[in-house]
Structure formats: C-alpha cells, structure tokens
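Working notes, structure below.
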Amino acid sequence: MTLTVPPPRAALPAERGGRADGASRGTCARWYEKELGWATAGSAPVRLLTGLRFDALVVPADAGHAALRRVGRTGPVALAGRRMSLLVAPGSADELPGLLDWLEWGGVALALRALGAGGRITAPPPPGRPGAPGAAVWLRPPCPTHKQEGEPVFPALSDFGSRGGDAPDLIRLVDAVATECHRARLTRARTGMAPDETADQPLAFS
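If you're matching positions, the sequence shown starts at 1369 in the working numbering and goes up one per residue.
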C-alpha cells in the first residue's frame, strides 16, 4: 500500500497575522510619531495621547455628524464605533466648563466628554491605509501641517470670539456639538430609542 504524504500546509491568514499585525501596528505608531509628532501608547490598538498636542471632544456619532454639517473648518475628526472624537487645541478640555456656561449650556446633561491630560483615543490607520472592519477611521484626517507649531489647525479659543479668517473656532464647534447632543437626546426620548451610554450622565472630563 502506497501512502501519499500531503504537501506542507500553508499557514492560515490568522496564523500569518501575528507578526504582520504587529508590524502594521508598529508602522501606525511610527507614522503618528514621525510625521505628526503625536505621542502614542499601546499596540492593540495604538492609542493617541490627549493633553499634549491636542485635546478631544468625544460625542455620539449621530450628534457629531450633525455638528460637522453645521460648522466649516475643524481639526481632525475620528470615528470609532458610535463615538466621534473631534480634536481641538490642547487646554480646551480645561476651558470647556466655562465655555459651556458662557454659551448657556451649563447644567444641561450632554453626552459629551472632554479628554485632556491623561486621556487617549483609538488611533485610526494613517490616511490612505486600510484598516480592519469596524476599526476606527478618520473622517477628517490629519496631515503633516498639524505638526507645525503655531499653525491654527486645531479649534481654539481667542478672547471668547472668533479668530476670523479660515482658522478653526472652538466656540462655534462647541456650540454646534452641544446643540446636536441635546437635540439627539430629545429625539431618542421622543422616539423611544435607547439612550446613549453617557446621555444621562453629567458632562465628563478626563
């Protein structure tokens, strides 16, 4: 009786993915650190640290999409599942409570988190590079100009007024985000939709 020995089995994609995924994560972190000068942490997935080069406003995706339709230029915007992160100038997380009070949103329950020093968001793949299904993505991607000091690339305050021109403006952005968060909450209550996980919590800061 002759036995036929099968050829060596090719590795399955999942088995090949260990080193490839690790290399991909390393490439992702290096791109953010080298091209943008942004600090990263972790590898599964890579995280972008807030409070250094930028802070982040994290809102429900539906409210975020509606807010983006109302405002013009913004900083980079990332989407991860049902949450959207809008990058703003460092220090904005500390300014947000006073700004919301000034805009008469103080005391209103909003599904809004402000991430400053010590916070982090999931890093989407660099622009133009594919990611895994369901992974975070850039809606408005960063570019190397976000590395330059003094560039008005992140929405920021300027004496509680618009800086004019084409510069992103934190006041317009926060007002639009707060309005749409509140509107989305009322819509969910009226239609019986499940509330967002932070909708009934006070404004959170990290």
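From the three backbone atoms N, C-alpha and C, an ideal C-beta is built for every residue, glycine too.
Candidates the options: which alpha carbon is nearest residue i's?
i     : options                       : result
G1432 : L1455, A1503 and G1459        : L1455
A1435 : P1465, V1542 and R1556        : V1542
P1495 : A1446, C1549 and T1547        : A1446
L1538 : A1409, G1419 and V1439        : V1439
R1437 : R1508, R1497, T1559 and R1556 : R1508
G1410 : R1488, V1427, G1443 and G1459 : R1488
Quick one: Cα of residue i to Cα of residue j, how far?
i     : j     : result
E1472 : T1395 : 44 Å
L1480 : L1425 : 7 Å
G1484 : L1417 : 9 Å
R1398 : L1554 : 42 Å
P1413 : R1421 : 20 Å
P1465 : G1474 : 7 Å
D1423 : A1457 : 6 Å
G1499 : W1506 : 11 Å
L1468 : P1501 : 36 Å
R1547 : A1477 : Before going further, note that residue 1547 is Thr rather than Arg in the sequence given. Whole-angstrom Cα-Cα distance: 11 Å.
A1552 : V1545 : 10 Å
G1419 : G1486 : 7 Å
P1523 : W1406 : 17 Å
L1525 : R1441 : 15 Å
W1470 : E1463 : 11 Å
T1559 : V1427 : 20 Å
G1443 : A1557 : 31 Å
C1549 : R1540 : 14 Å
R1497 : S1453 : 19 Å
V1521 : P1510 : 9 Å
Does residue i come out as helix, strand or coil in the three-state DSSP assignment?
i     : result
W1470 : helix
P1493 : coil
L1420 : coil
S1460 : helix
W1399 : helix
L1483 : strand
V1521 : coil
A1625 : Residue 1625 lies beyond the stretch modelled for the chain, which goes from 1369 to 1574, so this question has no answer here.
A1503 : coil
P1428 : strand
G1560 : coil
R1441 : coil
R1450 : coil
T1555 : helix
A1409 : strand
So, is the C-beta of residue i closer than 9 Å to a C-beta in chain B?
i     : result
R1451 : The structure shown contains no chain B, having only a single protein chain.
Rounded C-beta distance between residue i and residue j? I'm assuming under 8 Å.
i     : j     : result
E1403 : P1512 : 5 Å
R1451 : A1429 : 6 Å
T1490 : A1448 : 5 Å
P1492 : A1482 : Incorrect: roughly 20 Å between the Cβ atoms, too far for contact.
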